[in-house]
Amino acid sequence: MTLPTGTSGTVVPSSDGAAEPHPAPAAHERDSASVRWLIFVRDRGIFVLWILLLLLFSVWAAPYFAQVKNAILIANAASLTAIFAAGVAVGIICGVLDLSIPGVAALASCVCGLLLHHHQPVWMGLLLGLLIGVVVGLVNGLISLRGFNPIIVTIGTLSITSAVAAIIAGGYTIPGLTQLKFMGTRRYDGVPAPVWIAAALFVILTVFLTQTREGIRLMAVGGNAEAVRRSGIHSNRYKVVGFVISSFCAALAGLVTTALVTEASPAASPGVIFTALTAVALAGVSLGGGRGSLPRVAVGALVLATISNGLTIKGIDPYWGTGVTGVLLLGSLSLERWISMTVSNRLIATAQASVHTGTR
Amino acid sequence: MAHPAVPALELHGVDMHYGYVRALDAVDFHVQPGEVVALVGDNGAGKSTLLKIMSGALRPTAGTIRVHGQEVHFHSPTDSTRAGIQMVYQDLALVDAQDIATNLAIGREILRKGPLGWLGFVDKKAQRKRSQGELDRLGVRSPAMTRPVEMLSGGQRQVVALARSASRVTGETNGVLLLDEPTAALGYEQTKQVEALIARMARQGIASVLVTHNLPLVIEVASRIVVLNRGRKVADVATAQTDNDQLVGWITGARPSMFPTSPI
Chain A
54 MTLPTGTSGT
64 VVPSSDGAAE
74 PHPAPAAHER
84 DSASVRWLIF
94 VRDRGIFVLW
104 ILLLLLFSVW
114 AAPYFAQVKN
124 AILIANAASL
134 TAIFAAGVAV
144 GIICGVLDLS
154 IPGVAALASC
164 VCGLLLHHHQ
174 PVWMGLLLGL
184 LIGVVVGLVN
194 GLISLRGFNP
204 IIVTIGTLSI
214 TSAVAAIIAG
224 GYTIPGLTQL
234 KFMGTRRYDG
244 VPAPVWIAAA
254 LFVILTVFLT
264 QTREGIRLMA
274 VGGNAEAVRR
284 SGIHSNRYKV
294 VGFVISSFCA
304 ALAGLVTTAL
314 VTEASPAASP
324 GVIFTALTAV
334 ALAGVSLGGG
344 RGSLPRVAVG
354 ALVLATISNG
364 LTIKGIDPYW
374 GTGVTGVLLL
384 GSLSLERWIS
394 MTVSNRLIAT
404 AQASVHTGTR
Chain B
293 MAHPAVPALE
303 LHGVDMHYGY
313 VRALDAVDFH
323 VQPGEVVALV
333 GDNGAGKSTL
343 LKIMSGALRP
353 TAGTIRVHGQ
363 EVHFHSPTDS
373 TRAGIQMVYQ
383 DLALVDAQDI
393 ATNLAIGREI
403 LRKGPLGWLG
413 FVDKKAQRKR
423 SQGELDRLGV
433 RSPAMTRPVE
443 MLSGGQRQVV
453 ALARSASRVT
463 GETNGVLLLD
473 EPTAALGYEQ
483 TKQVEALIAR
493 MARQGIASVL
503 VTHNLPLVIE
513 VASRIVVLNR
523 GRKVADVATA
533 QTDNDQLVGW
543 ITGARPSMFP
553 TSPI
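Heads up: the protein sequence lines correspond to chains A and B, in order. Using my numbering, the first residue of the first sequence is number 54, and each one after it goes up by one. Using my numbering, the first residue of the second sequence is number 293, and each one after it goes up by one.
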């Protein structure tokens, strides 16, 4: 390579690793123990909270609370919330809040119910139900990409899907869907089917989001779509994927609900969104997008179920449970804010010393 | 002004009109591999317009652009990125919640070998190693690769953003970095850090175009300075042959243009 020369004869040396005048200081910093501990608490705080709750109820609601039977009850109660929450969480992480979830759940459940009612095979009912989730997600995504606000778009599809569900079901619930018991009340190895389904969903989505290229990009799009776009990636496609996953989870949750109660109801209950959102928020998933982890969302759903279960055992009104959840939510918000501030203060204190380039 | 090497990026006779407003008037500009050229001028002198033309965000009304001697037509920033030109953005370049390694790797992830790779599984260890290598090569001592970017100081963030762009332009041919006010939000210490990094990148053969209002920074890191005044190039001078007062004269228009062929 020739040596390029500036107009004044300023010689600019060419790149040559060996001729580098200031060899790279190759000290690889590690974070201090206290910082790592704080980050650990921030990332795993919900686990600590849950364990505390378990200990509290084990003592307070002894001897009925701390039993395997009760643990399975809690897991079963949490699973439905968890499946909805998985959809909401993936949506929010990717930067889209999908409000059409209850409608998609109702539509999927009614389509599946109608097919089973007309003696179609079970697999066809389930497949079409899930397919409806994917299609509604695609529609949501493609409309939102045209520059419309996702919240308004999904409110629109919420109305449409719940209307279609009511129309095809004729406004009544479709009863007697006992063919679906295998994924409703049946137990495998002592654990109810919905728990297995929720567990499988969470494992798959967690691996997808943290280990695969597409998942990592999906999270990055939620955090800063512009940065991803400038890396030459079509960030919009990943938003559509976020909508699709969100709707798919909703359809799955609708089918599991149908299987549990053995009837398909066309009534879309917006309440599921708020329960799911509570679990998601407890898990520390930022509504701004880009951050959050699914195992924490699962624990968030478990925390909700644990509280209502423990209070029920003690014979306390369930209203208390709702109130306690609210307090926990606000408490966890404050804790996270405090930890983030402490961490950044500490890091700024050490930043001056640790990033020196050796050319001071 | 004979140059022995082919310029990494060369603009010839670039005009840019916005309606009746002439933002750029027959501007010639070039940057050699390994050279840091500062582009200075008052607000509205046309610096940003010129930078946007180089990055492909704007198409000039007239004029030619050559990259490593080859004429190109940029229709979008993607085209210029493909040609090895990277714009370094202040705040928009990083994904806060992700760690340094992921930020450096996004868009060019390393997949695992074997069936897991076909499913799109990322080899995080290899990515961390490559990211560390890239930062080491730039002489950046950074925090742990697993540190989320949101936990970095402003200077560290800017260093990572620069390294991210730099690692994208050092392919088989050395590319061009476009820097828009790289030190605007930084303190003294952090500014020094970024200055040192720009100088090291230049030593590795990366061509840099630096747009800033910060004259001390210009004099510190630039090897050549181009001054724009009301859309015209009024000075193109080696840093060693000029000083602060001269530059201020050109910027404000108090000092006559070096290129009298273009009458004012």
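For each residue, glycine too, the CB sits at the ideal point set by N, CA and C. All of these numbers come straight from a predicted model, not from anything done at the bench.
Whether residue i touches residue j by CB criterion (8 Å)
i: A/Thr315; j: A/Gly182; result: no
i: A/Ala334; j: A/Ala354; result: no
i: A/Ala418; j: A/Leu347; result: Residue 418 of chain A lies beyond the residue range present for chain A, which begins at 54 and ends at 413; the question has no answer from this structure.
i: B/Glu327; j: B/Arg516; result: yes
i: B/Gly305; j: B/Gly348; result: no
i: A/Leu258; j: A/Val356; result: no
i: A/Thr207; j: A/Asp151; result: yes
i: A/Gly285; j: B/Gly399; result: yes
i: B/Gln390; j: A/Gly275; result: no
i: B/Ala458; j: B/Leu469; result: yes
i: B/Gly447; j: B/Gln485; result: yes
Residue i versus the options, residue with shortest Cα-Cα distance
i: A/Arg240; options: A/Lys122, A/Ala161 and A/Leu388; result: A/Lys122
i: A/Gly376; options: A/Ala320, A/Lys367, A/Glu389 and A/Ser361; result: A/Ser361
i: B/Ser445; options: B/Thr483, B/His367, B/Ala397 and B/Gly336; result: B/Thr483
i: B/Ile511; options: B/Val313, B/Ala330, B/Glu302 and B/Gly311; result: B/Ala330
i: B/Thr438; options: B/Arg420, B/Leu427 and B/Glu487; result: B/Arg420
i: A/Leu211; options: A/Asp96, A/Val189 and A/Arg95; result: A/Val189
i: B/Arg449; options: B/Gly431, B/Pro474, B/Lys405 and B/Gly425; result: B/Pro474
i: A/Cys163; options: A/Ile366, A/Ala317 and A/Ala115; result: A/Ala317
i: A/Leu125; options: A/Asp242, A/His170, A/Val88 and A/Ala218; result: Just to set this straight, residue 125 of chain A is Ile in the shown sequence, not Leu. Of A/Asp242, A/His170, A/Val88 and A/Ala218, the residue nearest in Cα terms is A/Asp242.
i: A/Ile196; options: A/Thr134, A/Phe100, A/Gln232 and A/Val293; result: A/Val293
i: A/Ala128; options: A/Cys147, A/Trp103 and A/Ile369; result: A/Trp103
i: A/Tyr225; options: A/Gly166, A/Thr395, A/Ala358 and A/Pro116; result: A/Gly166
i: B/Lys405; options: B/Ala418, B/Ala397 and B/Ala393; result: B/Ala418
Cross-chain neighbours of residue i in chain A, by beta carbon under 7 Å
i: B/Thr373; result: Gly285
With 16 other Cβ atoms within 10 Å as the buried cut-off, status of residue i
i: B/Asn395; result: buried
i: A/Ala265; result: In the sequence as presented, Ala is not what sits at residue 265 of chain A; that position holds Thr. Buried.
i: B/Trp542; result: buried
i: A/Tyr291; result: buried
i: B/Ala300; result: buried
i: A/Ala86; result: exposed
i: A/Asn193; result: buried
i: A/Val338; result: buried
i: A/Pro74; result: No answer about A/Pro74 holds up, because its pLDDT of 38 lies below 50 and its placement is not dependable.
i: A/Val112; result: exposed
i: A/Ser132; result: buried
i: B/Pro548; result: exposed
i: A/His48; result: As displayed, chain A neither begins before 54 nor continues past 413, which places residue 48 of chain A out of reach and without an answer.
i: A/Ala79; result: Because the pLDDT of A/Ala79 is 40, which lies under 50, any placement of that residue in the model is unreliable, and the number read from its coordinates should be weighed accordingly. Classification of A/Ala79: exposed, given that the 10 Å Cβ count is below 16.
i: B/Gln614; result: Outside the displayed range of chain B (293 to 556) lies residue 614 of chain B, so it cannot be described from this structure.
i: A/Thr231; result: exposed
i: A/Phe118; result: buried
i: B/Gly311; result: exposed
i: B/Gln378; result: buried
Min CB distance residue i to chain A below 8 Å
i: B/Val513; result: no
i: B/Val387; result: yes
i: B/Leu411; result: yes
i: B/Thr483; result: no
Within chain B, the residues that residue i reaches when beta carbons sit closer than 8 Å
i: A/Ile269; result: Gln390, Thr394, Ile398, Glu401 and Val414
i: A/Thr265; result: Leu411, Gly412, Phe413 and Val414
Neighbour list for residue i in chain B, Cβ cutoff strictly below 7 Å
i: A/Ala280; result: Leu384, Ala385, Leu386 and Val387
i: A/Val396; result: Met443
Under 8 Å from the C-beta of residue i: neighbouring residues of chain A
i: B/Thr370; result: Gly285
Cutoff 8 Å: residue i Cβ touching any chain B Cβ
i: A/Ala119; result: no
i: A/Asn277; result: yes
i: A/Ala273; result: yes
i: A/Gly22; result: Residue 22 of chain A cannot be examined here, being either before or after the span of chain A that is shown, 54 to 413.
i: A/Arg290; result: no
i: A/Gly368; result: no
i: A/Arg344; result: yes
i: A/Pro78; result: Here A/Pro78 scores only 40 on pLDDT, less than 50, and its place in the model is too uncertain to base an answer on.
Proximity test, Cβ basis, 8 Å: residue i and chain D
i: A/Thr395; result: Any reference to chain D falls outside this structure, whose protein chains are A and B.
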